[in-house]
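Residue numbers (the numbering used here): 0 to 791.
Glycine is no exception: its CB is placed at the ideal position from the N, C-alpha and C atoms.
Only a predicted model underlies this, so the values are computations on that prediction, with no experimental measurement involved.
All remarks here apply to the structure that follows.
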């Protein structure tokens with residue numbers, strides 16, 4: 000004898016039954032335990048929300064603690080808090096999401112829970128001072144679900160299955176609709192030229208047979224969506240479609256059986272099929288837009304070759320520990336960051352940074368995850384575990400960019416939910432008006448047309464599809480947006496503030512002029528320069544090396560960070576660095592030096608000075624012109640001296656600039672602009688830019704910038720090119736323009752189409768065609784973003 004489980008609602012054999020107080024029956028210990036936990040926690044409302052939906056039988060929990068311990072490696076830091084991304088198996092409907100959110104928020108320390116019903120991905124932010132990741136995992140198991148490590152490949156499998164399922168339903172709909180159209184032609188022909196009643200009854204019955212699987216099989220997706228809408232008291236497009244077609248279907252059965260009036264089974268089949276095809280094309284459109292985000296994830300399918308005791312062992316990237324030796328051969332991609340121990344190889348980093356020329360890696364060289372070995376072979380030491388690798392961070396940023404919605408989308412979603420309720424109300428009054436004015440048959444047909452022609456779906460798609468397309472396009476152009484909302488924010492910016500060194504200039508100094516006192520040894524100056532790896536010191540050392548300088552022995556060498564160096568050479572005290580540093584060490588100056596310079600002193604006497612220049616990036620001038628033509632005000636902030644900053648500003652045609660600014664002064668400048676009501680874009684790359692970046696409406700950082708700047712930024716230029724910044728601005732403005740076009744079209748469409756439907760000028764069949772066309776027009780307009788920037 001079969002029984003139904005009180006928790007999961009699955010049927011099972013009575014011989015395996017576990018009975019509890021009150022006559023409740025459970026299929027397993029796990030379901031019984033979860034049922035008791037939910038009732039004790041005051042979450043029994045879940046079963047009302049679940050309705051007739053079924054769940055997977057719950058885990059017994061025997062090894063939950065052991066399983067929970069395996070999730071600690073998935074935790075990442077988000078500022079002061081921790082974040083974990085999971086794939087939660089067993090989610091079937093909105094009731095599941097409600098239960099999971101209630102259960103998780105009951106834990107102390109939970110700050111944010113985002114669960115995607117389609118991908119089943121959950122992103123949980125929590126305070127590890129109050130909560131352990133094991134407790135989160137145990138709670139998910141406790142309410143009957145199974146957490147797994149989130150992987151894009153699993154998401155792709157779900158999308159493929161969904162597409163196959165939709166394809167089968169679309170075939171049934173198209174086959175039945177094509178055949179029902181021939182019957183409808185015969186029926187309509189007889190309507191005008193005369194038809195026997197028995198033939199009419201036969202045609203109606205044949206249409207009923209064909210329309211039924213279309214409504215209940217092809218239209219099952221709409222029934223699911225309508226059920227969720229009713230449960231959540233939030234009307235949506237699915238509810239409109241099912242309401243309209245179901246009323247038409249029931250009325251047509253009544254007309255067929257009583258032989259009064261006309262049947263509209265053809266309209267039922269066509270409405271469901273056309274709208275479903277539109278839904279199917281939406282999935283294909285979204286899949287097309289999401290292909291780029293899977294580009295990085297495909298890199299992770301390979302394994303890592305680890306060298307142990309002279310043998311090559313293949314490991315998953317996440318299983319490689321710090322300090323392990325990795326072998327990278329020709330054709331392979333580096334999946335972890337590290338430092339080369341031995342060998343030489345030419346690598347291609349164009350997929351990450353846009354650098355077209357191959358780089359040569361040898362002993363001591365830095366290996367960045369994501370580069371491809373073109374030829375040669377190296378052995379390198381892992382310096383970061385996989386979750387902290389550059390490649391994995393990029394993947395996480397790109398995947399999580401869709402979680403937080405733009406402000407315009409949040410507003411549109413609210414409008415869409417109210418819009419559906421308004422349409423149902425309008426259809427209700429339309430029905431009664433036509434019923435009292437004309438007939439029941441005409442009232443039904445007109446009300447159905449009103450319900451079907453309205454399109455909240457297109458309204459809801461206007462922003463997210465454009466955002467997804469733009470995210471992919473931006474990444475292909477070497478620009479990484481951390482969140483989709485920054486397209487809107489960047490498009491609205493009216494002031495662009497730039498750091499100078501490393502952002503507008505190459506940050507690679509060259510000696511333009513120099514003076515070395517007669518008798519001063521370039522070998523000694525060269526040796527002093529080698530003490531520091533500061534870019535100015537390195538530039539002088541490179542210049543002297545080209546002059547034939549050789550290294551000599553130093554004694555009592557000392558490095559003063561950001562100031563200079565000092566050392567004893569043959570009992571003589573040498574100092575080298577900034578003017579202030581030399582003055583502090585007793586060196587006297589007779590003239591003012593305002594340009595970027597490097598000074599050398601010996602025994603209190605100035606013996607050499609080097610004038611250096613930092614050349615402007617070739618694409619900087621074009622970028623400034625583009626921003627100004629787009630109506631943005633441009634300003635340069637720099638910690639450099641006045642003359643140097645002025646020269647760069649003049650060369651770029653920028654009238655407003657500030658020199659000698661400290662990090663807190665840059666931040667204050669940004670804060671002042673915001674107080675004036677300006678929307679500020681800040682572009683920088685160094686640690687000294689982090690505070691200013693964090694205050695700007697949109698913060699853009701060069702990909703090679705300091706880690707803290709990357710953390711504070713909203714957009715990352717992966718190839719360090721200002722051309723990519725120009726593309727980012729163009730993509731943002733075009734995306735925002737596309738979103739506004741989509742919204743304007745949706746509003747105009749509904750404003751024009753609904754009055755025609757209310758007046759009875761649109762039959763249900765054409766209403767379905769117009770509604771599907773409106774959704775598809777939004778999809779196609781959004782995909783134009785991909786085409787516009789495809790080859791740029």
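Span separating the alpha-carbon of residue i from that of residue j
i	j	result
residue 217	residue 168	5 Å
residue 275	residue 749	20 Å
residue 601	residue 574	7 Å
residue 145	residue 139	7 Å
residue 204	residue 247	15 Å
residue 569	residue 513	24 Å
residue 121	residue 374	41 Å
residue 387	residue 90	30 Å
residue 620	residue 339	38 Å
residue 548	residue 510	15 Å
residue 471	residue 46	40 Å
residue 772	residue 780	12 Å
residue 743	residue 777	10 Å
residue 81	residue 328	36 Å
residue 608	residue 532	18 Å
residue 106	residue 317	29 Å
residue 294	residue 648	Note that residue 294 scores a pLDDT of 47, beneath 50, so its modelled location is shaky and nothing firm can be said.
residue 615	residue 644	11 Å
residue 5	residue 147	26 Å
residue 792	residue 417	This structure cannot settle anything about residue 792, because the visible part of the chain is limited to 0 through 791.
residue 269	residue 198	22 Å
residue 577	residue 596	7 Å
residue 368	residue 312	19 Å
residue 439	residue 738	41 Å
residue 61	residue 142	Confidence is the limiting factor: at residue 61 the pLDDT is only 44, short of 50, which leaves the residue's position unreliable, though a coordinate-based value still follows. One C-alpha to the other measures close to 14 Å.
residue 571	residue 611	26 Å
residue 343	residue 376	6 Å
residue 201	residue 175	16 Å
Buried/exposed call for residue i, threshold 16 Cβ in 10 Å
i	result
residue 735	buried
residue 263	buried
residue 701	buried
residue 391	buried
residue 448	buried
residue 330	exposed
residue 435	exposed
residue 397	Summary for residue 397: the model assigns pLDDT 47, below 50, so the residue's position carries little reliability; its value from the coordinates is reported in the next sentence. Under this definition residue 397 is a buried residue.
residue 733	buried
residue 765	buried
residue 164	exposed
residue 125	buried
residue 117	Note on residue 117: pLDDT 45, under 50, position unreliable in the model; the coordinate value appears next. With fewer than 16 other Cβ atoms within 10 Å, it is exposed.
residue 379	buried
residue 760	exposed
residue 363	exposed
residue 527	buried
residue 758	exposed
residue 682	buried
residue 166	exposed
residue 266	buried
Nearest-angstrom beta carbon gap, residue j and residue i [assumed within contact, 8 Å]
i	j	result
residue 429	residue 446	5 Å
residue 699	residue 672	Incorrect: roughly 16 Å between the Cβ atoms, too far for contact.
residue 784	residue 468	4 Å
residue 210	residue 179	6 Å
residue 347	residue 370	7 Å
residue 99	residue 87	7 Å
residue 508	residue 336	Not quite, the Cβ-Cβ distance comes to about 28 Å (not below 8 Å), so this is no contact.
residue 123	residue 109	7 Å
Original post:
When the Cβ atoms of the segment 505 to 525 are set against those of the segment 673 to 680, are three or more pairs found closer than 8 Å?
Top reply: The segment 505 to 525, when compared against the segment 673 to 680, does not touch it at the 8 Å Cβ threshold.
Original post:
Curious, which full-length alpha helix (DSSP H) runs of at least 4 residues does the segment 623 to 688 contain?
Top reply: At a cut-off of 4 residues, the continuous stretches assigned as alpha helix (DSSP H) that sit fully inside the segment 623 to 688 are 641 to 651 and 662 to 674.
Original post:
Counting Cβ pairs closer than 8 Å, one from the segment 651 to 661 and one from the segment 473 to 492, do we hit at least three?
Top reply: Contact between the segment 651 to 661 and the segment 473 to 492 is absent, with fewer than three C-beta pairs closer than 8 Å.
Original post:
Quick check: the segment 634 to 644 against the segment 544 to 557, are there 3 or more CB pairs under 8 Å?
Top reply: no
Subject >> Contiguous alpha helix (DSSP H) assignments of at least 4 residues, all confined to the segment 689 to 755 >> reply: 689 to 694 and 706 to 711
**OP:** May I have a chain-ordered list of the beta strand (DSSP E) segments no shorter than 3 residues that lie completely inside the segment 527 to 604?
**Re:** Fully enclosed beta strand (DSSP E) runs of 3 or longer: 554 to 559, 563 to 568, 571 to 576 and 596 to 601.
Original post:
Considering only residues of the segment 424 to 509, which uninterrupted beta strand (DSSP E) runs meet the minimum length of 3 residues and lie entirely inside it, listed in chain order?
Top reply: 478 to 480 and 494 to 498
Subject >> Uninterrupted beta strand (DSSP E) stretches inside the segment 86 to 148 (no shorter than 3 residues) >> reply: 109 to 114, 120 to 125 and 145 to 148
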